[in-house]
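Student:
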Amino acid sequence: MSAPRKLVEVRDLKMHFPIHGGFLQRRMGEVKAVDGVTFDIYEGETLGLVGESGCGKSTCGRALIRLYEVTSGEVRIDGRNIAHAGPEALRKMRPTMQMVFQDPQASLNPRMTVASIIGEPLDEHTKLSRKERLERIYELMDQVGLNRDFANRYPHEFSGGQRQRIGIARALALHPKFIVCDEPIAALDVSIQAQVVNLLEDLQEKLGLTYLFISHDLSMVRHIADRVAVMYLGKVVELAPRDRLYTDPQHPYTQALLSAVPEPDPELASGRKRTILTGDVPSPSNPPPGCNFSTRCPKVMEVCRKIDPEFREVAPGQFAACHLLNDPASPPGPDAAAGTEATPINQTGSPT
Ligand code: SF4
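Counting with my numbering, you get residues 8 to 359 for the letters of the sequence shown.
Shown next, in the form of structure tokens:
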């Protein structure tokens, strides 16, 4: 069997936003929302991207499809480099990559009918006749489970779940290959969430779609994703096949995050140790030196405060950035002070 094809390749992607201040609005610093992220997404797979609010996952998703001007790094989608493509080249690539937004209420124009919302990308990128355009709109409404008779209604006449279906139909209009789903169910009632997730899964199977599924809901990501990337303060700290990540997380942050997920089985729940993280997430405008997680990590060592750990393969297909997982044969780096590599210290920085 041939190896799966990489549809999306991200290399050292950085998305820094300048901070201006003072009387002359000088540049005072920058928010490092995404700070050197590297991963691939294979054709037909769903990569889950999880992390706490503010970790940079939504910014990463938007930067990937060039809704932002990226600061540096490479993004290749279907073999084409889009990170620094010019406006015309980007316009041509737009049909390949689309986005489903978190809040369907806010992402749909309330003054447009469903037919005009779904037809908008067709107007922009195709030369369909009126009849063909309407046929395509009906076809898309059928695909997402919306009644064709409602094509001339307005978004406010629909429920939250139906509005998200309209958003999905719009995203599908141009036959995309890659869709960034940015918290697509977070604004929906729990009873509706599973329906929308099932729809996304059905569409993926029928149309061969590839998803980046961004969510803070670890249980939902476990259901939908093939592989999962965990983000903390602008960096991916662990990436692994779903089952491996949930059963054998390697990075201390992933371990803490998963220990907070409610376990429905009381037997398993009783044997589980919960890790409670202390302290706040540092500001992305002023991340700590060394490992980004060093200010909250229960396993922090001296070396963590000096050297940023390398994101490397720690088991087949499982990648993580942590000095604890370094190959003993390859020490963290020439600057690691002798005798400090593995000295555990407590949260306040003193040796334990
Ligand atoms: Fe914790 Fe150090 Fe690993 Fe960072 S490198 S996660 S601080 S043990």
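Where is the CB? At the ideal position from N, CA and C, for every residue including glycine.
Thinking P296 and L240 are a contact (beta carbons under 8 Å), I'd like their distance in whole angstroms, please.
Tutor: Actually they are not in contact, since the Cβ atoms of P296 and L240 sit about 13 Å apart, beyond 8 Å.
Student: Roughly how many whole angstroms lie between the Cα atoms of A158 and P11?
Tutor: About 39 Å.
Student: What did DSSP end up calling P191 once you bin it into helix, strand or coil?
Tutor: coil
Student: With a 10 Å radius around its C-beta and 16 neighbouring C-beta atoms as the bar for buried, classify M308 as buried or exposed.
Tutor: buried
Student: According to the Cβ coordinates, are K280 and S301 closer than 8 Å?
Tutor: no
Student: Would V77 pass as a contact of A90 if the rule is Cβ separation under 8 Å?
Tutor: yes
Student: Might you give, ordered along the chain, the residues of its own chain that have their beta carbon closer than 6 Å to the beta carbon of A344, omitting 5 neighbours on each side?
Tutor: Note that A344 scores a pLDDT of 38, beneath 50, so its modelled location is shaky; the value from the coordinates is reported in the next line. Excluding positions up to five away in sequence, the list is empty.
Student: Please go through the same chain and pick out, in chain order, the residues whose beta-carbon is closer than 7 Å to the beta-carbon of A70, but skip the five residues on each side of it.
Tutor: L20, M22, V41 and V77
Student: Would you kindly report the start and end of the unbroken beta strand (DSSP E) that includes Y49?
Tutor: Unbroken beta strand (DSSP E) run through Y49: R33 to Y49.
Student: Whose C-alpha, out of D255, P294 and P305, is nearest the C-alpha of D315?
Tutor: P294
Student: Taking the C-alpha atoms as reference points, what is the distance between V197 and G167?
Tutor: 11 Å
Student: Which residues in the same chain as R170 place their Cβ atom closer than 8 Å to its Cβ, once the five residues preceding and following it in sequence are excluded?
Tutor: P111, Q112, L115 and P162
Student: Let me confirm a value: Q32 is counted as buried when at least 16 other C-beta atoms fall within 10 Å, else exposed. Which label applies?
Tutor: Exposed: under 16 other Cβ atoms inside 10 Å.
Student: In the DSSP assignment, find the alpha helix (DSSP H) that holds Y145 and state where it starts and stops.
Tutor: R137 to Q150
Student: Within 8 Å, do at least three Cβ pairs link the stretch 38-56 to the stretch 237-256?
Tutor: yes
Student: Taking the beta strand (DSSP E) that K242 belongs to, which residues open and close that run?
Tutor: For K242, the enclosing beta strand (DSSP E) begins and ends at K242 to P248.
Student: Which residues neighbour the ligand SF4 when neighbourhood means a C-beta less than 5 Å away from any of its non-hydrogen atoms? List them by chain order.
Tutor: P259, C298, F300, S301, C304, K306, V307, C311, P316, C329, H330 and L331
Student: Comparing the CB of F157 with every heavy atom of the ligand SAH, is any distance shorter than 7 Å?
Tutor: As for the ligand SAH, it is missing from this structure, which binds only the ligand SF4.
Student: May I ask you to report which of helix, strand or coil DSSP gives F372?
Tutor: The structure shown has nothing for residue 372, since the chain only spans 8 to 359.
Student: Within the continuous alpha helix (DSSP H) that includes S79, where are the two ends?
Tutor: Here S79 belongs to no alpha helix (DSSP H); instead the beta strand (DSSP E) covers S79 to I84.
Student: Closer than 7 Å by C-beta to T282: which residues in its own chain qualify, once you throw out the five before and the five after it? Chain order, please.
Tutor: Q262, A263, S266 and P305
Student: Quick test of your reading: L195 and V203, contact by CB under 8 Å. State the CB separation rounded to the nearest angstrom.
Tutor: Confirmed, about 6 Å.
Student: Mapping the DSSP letters down to three states, classify T53 as helix, strand or coil.
Tutor: strand
Student: Give me, in chain order, the residues of the same chain whose beta-carbon lies closer than 6 Å to that of E320; leave out the 5 immediate sequence neighbours on both sides.
Tutor: F326
Student: For G215, which residues in the same chain have their Cβ closer than 7 Å to its Cβ, ignoring the five residues on either side in sequence?
Tutor: G51
Student: Could you check what DSSP says for N205 in three-state terms: helix, strand or coil?
Tutor: helix
Student: Mind checking who E320 pairs with in its DSSP beta bridge?
Tutor: F326
Student: Mind checking who Q105 pairs with in its DSSP beta bridge?
Tutor: I186
Student: Does the Cβ of F30 have 16 or more other Cβ atoms within 10 Å, making it buried, or fewer, making it exposed?
Tutor: exposed
Student: For T66 and M148, I'd like the C-alpha separation in whole angstroms.
Tutor: C-alpha separation (whole angstroms): 29 Å.
Student: From D250 to E131, what distance separates their C-alpha atoms?
Tutor: 41 Å
Student: Distance, Cα to Cα, V57 vs P102?
Tutor: 26 Å
Student: Indicate whether L129 and R118 have their beta-carbon atoms separated by less than 8 Å.
Tutor: no
Student: Assuming A176 contacts Q150 under a Cβ cut-off of 8 Å, what Cβ separation, rounded to an integer in Å, is found between them?
Tutor: 7 Å
Student: Sort L97, V82, G36 and P25 by Cα distance to R18 and report the nearest one.
Tutor: Considering only alpha carbons, the answer is V82.
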